[in-house]
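Peer 1: Chains as they are written, first to last, in our numbering: chain A, 2 to 481; chain U, 2 to 481.
C-beta: ideal position from N, C-alpha, C; glycine also.
Note that the coordinates shown come from a computational prediction; the quantities given were computed from them, not determined experimentally.
There's a structure below that I have some questions on.
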């Protein structure tokens, strides 16, 4: 006899056929009601036991965390809270869970802090909250692939180990197979990376963009979806040392097309979540409402989780130039009253999180796309505007999380790119292949990067980025 | 006016509306026929130019590799080889390509060696062969996600940077942010990793299996699809230092279920390729036929590429125990006549590639699943059989490429696992979390790993694994 997943059982009509289910005990009330969960859904299956028909020694083993197999009829539920339940005919205990040991874990049936859950990250997927978040994460990842594949993009695996530190997106981790204690030295007394595995110094990638550009200039429309790394000592609720990034890159596409793509893409993915993850979203929404009850009225969200998601779908992202944004910020109350930590005094200032949040949450009250930033605060590969001082960069800003997408139209003119690399100190010999793209049939092209965990945070409403990835890597933490 | 992708244009009925296309010139014959490719498909679009209507200075710029924009009517083609073509009304050169420079690149229109293509890996996606392989790679990756998501699996991102070297699947790359020349030392004179970014020694993962098991024991059915690493000095056509792996892990599933899953999964993905990648497969099939013309008859394949793929679909994978396989190999001609490099003399021998290929290509002539291997040649986490000497391991062997899948039923019994770890010297304190899975509701579970590049090799017929990944990482090579 094959077992049936609980997500399917809950959609099944009651019948006289016996079915088999397997899962982990979430609770066992009154020696009668087992709440069984197998991870396929947030919902437990109620298994009703006639305790007189079973050995007491067996029933004693049905404790929180134990794995069991149940055979019985699916019937209409007599109780509240579920349409169907199982009248148990047979029970088999597959794996016990010592109640004394369970007490010390996050499996014990009470509310645990998110910090405690992180300490036992190998068990937290068995909790309602983290299980829901991980199911959503999976669905969102698939929605991303589906969106791009449906729209004629090709998926590209950018290299993880890279020989160049050229992009300058952040501090990098070194990758080496040399003896760290006694590395070979060259004649100058420097480490002789020629003797390392790759015969050169190598790092973990901070972005697959430059390689994605090489592919866009051959396949037309591509996207990456892979891990990227930052060796930055940012111990915040918004930063990870290892995170997953999506980077589409499109030939023959300018910045307007890029903004259209980013908006269409994000809306597709959010719509997919609303359509396919109702149960988990409902649970997470209620979780947030519970959490908010402890907050003062003024700090509570104006919208519930799903209202917030629908709001994003129903509104056009407001497109605002950097120059306009500076004007708005200069005139804003928090600037006038010196409430910003960094006051906006003149054009050219780099925007901080507080400014982005003001624009999104207070001024426009909707997602905002800022574009045409000052050239000198942005990367070398962004296309210079005719004004000579701004570049075709864009950032998509979301309520609650700030920047969710950063992108640009790329500088496709060989001479302009070369000159910018010179001025900004980017090594041209190392990036000869990037310059080559501008030598052989160059074309307007654009792309952006979306931090996957930021998206998962937004859709699940989780406050800390460490709680939306299976095993977070942060300063001082590479457990499991 | 928006441009249309060539893959769509080729499926369009001729009409009087003008359309716009953009792409790269593959050839320009007789000042009249431009073959234009935009990467959306292997096929070029023929653009027919009335050269008297255009400036000679413009026509001169239409050279191989140049990016151009063409506007015109789509008409029924007068020539052979295509159903439709464009009667060109307007041409714009977007990016030139100096013919003298192009001559030195793989863009020049002649046959180049795969080695030369690898040297210019940033341009090779513009060639027919590599373009076809990369489109197929993308489709195969999507088919993998689709298969698992349709079947109720949740996608899990296993960590890339890992603090444990416990699995022992291979040599690892070290990840560090310490100053490599002057690393801090502890009192014993060893490197003080407590001062490193993660406050411990860290490496790049060789497998996400152990972490996937933690997720399977909560979500039920999960899969990973991410990069994995081996710092092994294997300079062969079958090995990469960085490659992508798919690792499903299923709770309540035994080895038979695991074999069913592997077979069903591989067949789904191959069927998907046959259904969705006909043009690229046809091209690659003809490429192989061309290549084989230079080989002696005896070395040529018995089947064309697509015949080989259909053969896999139409036959059950033959399931053979290790013990049976040893008997077959012992009695085999190459063993009797001492043609094997490693002769099979007794039960317990580790099978080499030559043996696997004999079984698949000569004896059974179909994909083979070997199972129940000797415990001492397999990993600590594989479930011990009642005979006390074999484990529930399985390898799926494919013609031409050998092992494509390796998996097992996992040892779910706490005491047995603990004892095996002791015997095999696996640190239990480091893997306390892995042991915990057997303490709290343990259950039968199984999984396997599939090397993505091996699969892409099989489906595309490419001989060298370096030619099925965008930027291969191998000993001495981390370019681009």
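#1: Going along the chain, which unbroken runs of the beta strand (DSSP E) with 3 or more residues stay wholly within the stretch 243-322 of chain U?
#2: When DSSP labels each residue in this structure, what does residue 39 of chain U get in the three-state scheme?
#3: Does the CB of residue 459 of chain U have a neighbour CB from chain A at under 8 Å?
#4: Going along the chain, which residues of the stretch 152-177 of chain A sit with their C-beta nearer than 9 Å to a C-beta in chain U?
#5: Using beta-carbon positions only, say whether residue 459 of chain U and residue 406 of chain U come within less than 8 Å of one another.
#6: Might you give, ordered along the chain, the residues of its own chain that have their beta carbon closer than 6 Å to the beta carbon of residue 422 of chain A, omitting 5 neighbours on each side?
#7: Helix, strand or coil: which one does DSSP assign to residue 415 of chain U?
#8: I want to know whether the stretch 266-273 of chain A touches the stretch 211-220 of chain A - three or more CB-CB distances under 8 Å.
#9: When you compare each of A/107, A/47, A/104 to residue 79 of chain A by their alpha carbons, which one comes out closest?
#10: Mapping the DSSP letters down to three states, classify residue 148 of chain A as helix, strand or coil.
#11: Is there a Cβ from chain A that is less than 8 Å from the Cβ of residue 126 of chain U?
#12: Does any residue of chain A bring its CB to less than 8 Å from the CB of residue 287 of chain U?
#13: To the nearest angstrom, how far is it from the Cα of residue 399 of chain A to the Cα of residue 232 of chain A?
#14: Along the chain, where does the beta strand (DSSP E) containing residue 175 of chain U start, and where does it finish?
#15: Tell me which residues of the stretch 52-72 of chain U have at least one Cβ-Cβ distance to chain A shorter than 7 Å, keeping chain order.
#16: Quick check on residue 325 of chain A: does DSSP put it in helix, strand or coil?
#17: What number of angstroms, rounded off, separates the C-alpha of residue 1 of chain U from the C-alpha of residue 137 of chain U?
#18: Let me check understanding here. Comparing Cα to Cα, which of A/420, A/23, A/40 lies closest to residue 223 of chain U?
#19: Less than 8 Å between CB atoms is the rule here; does residue 314 of chain A satisfy it with respect to chain U?
#20: Just verifying my parser: in three-state terms, what is the DSSP assignment at residue 396 of chain A?
#21: Helix, strand or coil: which one does DSSP assign to residue 434 of chain A?
#22: Relative to chain U, which residues along the stretch 125-148 of chain A have a C-beta separation below 7 Å, given in chain order?
#23: Going by other Cβ atoms of all chains shown within 10 Å of its Cβ, with 16 needed for buried, is residue 384 of chain U buried or exposed?
#24: Where do the N-terminal and C-terminal ends of the alpha helix (DSSP H) with residue 58 of chain A fall, by residue?
#25: Using alpha carbons as the reference points, say which of U/75, U/414, U/252 lies closest to residue 387 of chain U.
#26: So which residues on chain A does residue 487 of chain U lean against when the C-beta distance must stay under 8 Å?
#27: Quick one: what's got a C-beta closer than 7 Å to residue 369 of chain U's C-beta in the same chain, skipping five residues either side?
#28: Mapping the DSSP letters down to three states, classify residue 185 of chain A as helix, strand or coil.
#29: My guess is that residue 129 of chain U and residue 29 of chain U are in contact by the Cβ rule of under 8 Å, so how many angstroms apart are they, rounded?
#30: Is there a Cβ from chain A that is less than 8 Å from the Cβ of residue 354 of chain U?
#31: Answer with buried or exposed for residue 52 of chain U, where buried requires no fewer than 16 other C-beta atoms within 10 angstroms of its C-beta.
#32: Determine, for residue 103 of chain A, whether the minimum Cβ-Cβ distance to residues of chain U falls below 8 Å.
#33: For residue 100 of chain A and chain U, any beta-carbon pair shorter than 8 Å?
#34: Can you say whether residue 110 of chain A is buried or exposed, counting buried as having 16 or more other CB atoms within 10 angstroms of its CB?
#35: Alpha helix (DSSP H) containing residue 101 of chain U: first to last residue?
#36: Return helix, strand or coil for residue 425 of chain U, following the three-state DSSP convention.
Peer 2: On the basis of the coordinates in this document:
#1: Segments of the beta strand (DSSP E) lying fully in the stretch 243-322 of chain U: 243-252, 319-322.
#2: It is coil, neither helix nor strand.
#3: No, because no Cβ of chain A sits closer than 8 Å to the Cβ of residue 459 of chain U.
#4: Listed by position along the chain: 153, 154, 155, 156, 157, 158, 159, 160, 161, 162, 163, 164, 165, 172, 173, 174, 175, 176, 177.
#5: At least 8 Å separates the beta-carbon of residue 459 of chain U from that of residue 406 of chain U.
#6: Counting only residues of its own chain and dropping the five nearest sequence neighbours on each side, residue 422 of chain A has a CB closer than 6 Å to the CB of 381, 429.
#7: Annotated three-state conformation of residue 415 of chain U is helix, per DSSP.
#8: Short answer: they don't touch.
#9: The option with the nearest alpha carbon to residue 79 of chain A is A/47.
#10: Helix at residue 148 of chain A.
#11: For residue 126 of chain U, at least one C-beta of chain A is nearer than 8 Å to its own C-beta.
#12: At least 8 Å separates the CB of residue 287 of chain U from every CB of chain A.
#13: Between residue 399 of chain A and residue 232 of chain A, the C-alpha separation is close to 25 Å.
#14: First-last of the beta strand (DSSP E) with residue 175 of chain U: 175-177.
#15: Identification of residues in the stretch 52-72 of chain U having a C-beta nearer than 7 Å to some C-beta of chain A yields 66, 67, 68, given in sequence order.
#16: Of the three classes helix, strand and coil, the one that applies to residue 325 of chain A here is helix, per DSSP.
#17: Past the edges of chain U, shown from 2 to 481, lies residue 1 of chain U, and the structure says nothing about it.
#18: It is A/40.
#19: Interface with chain U (8 Å Cβ-Cβ cutoff): residue 314 of chain A is excluded.
#20: Of the three classes helix, strand and coil, the one that applies to residue 396 of chain A here is strand, per DSSP.
#21: Correct three-state label for residue 434 of chain A: helix.
#22: Taken in chain order, the members of the stretch 125-148 of chain A whose beta-carbon sits within less than 7 Å of a beta-carbon on chain U are 126, 127, 132, 135, 136, 139, 142, 143, 146.
#23: Classification for residue 384 of chain U: buried.
#24: Boundaries of the alpha helix (DSSP H) harbouring residue 58 of chain A: 57-60, taken from the DSSP string.
#25: The option with the nearest alpha carbon to residue 387 of chain U is U/414.
#26: Shown here, chain U extends from 2 to 481; a query on residue 487 of chain U therefore has no answer.
#27: Only 318, 319, 321, 360, 361, 398 meet the Cβ criterion.
#28: In the structure shown, residue 185 of chain A adopts coil according to DSSP, grouped into three states.
#29: Contact annotation, residue 129 of chain U with residue 29 of chain U: C-beta distance approximately 17 Å; criterion of less than 8 Å not satisfied.
#30: Not closer than 8 Å to any Cβ of chain A, the Cβ of residue 354 of chain U fails to qualify, so no.
#31: Residue 52 of chain U is exposed by the Cβ-count criterion.
#32: With 8 Å as the cut-off, residue 103 of chain A counts as an interface residue toward chain U.
#33: Not closer than 8 Å to any Cβ of chain U, the Cβ of residue 100 of chain A fails to qualify, so no.
#34: Residue environment analysis places residue 110 of chain A among the exposed positions, since fewer than 16 neighbouring C-beta atoms fall within 10 angstroms of its C-beta.
#35: Element bounds for residue 101 of chain U: 100-103.
#36: Residue 425 of chain U: helix per DSSP, three-state reduction.
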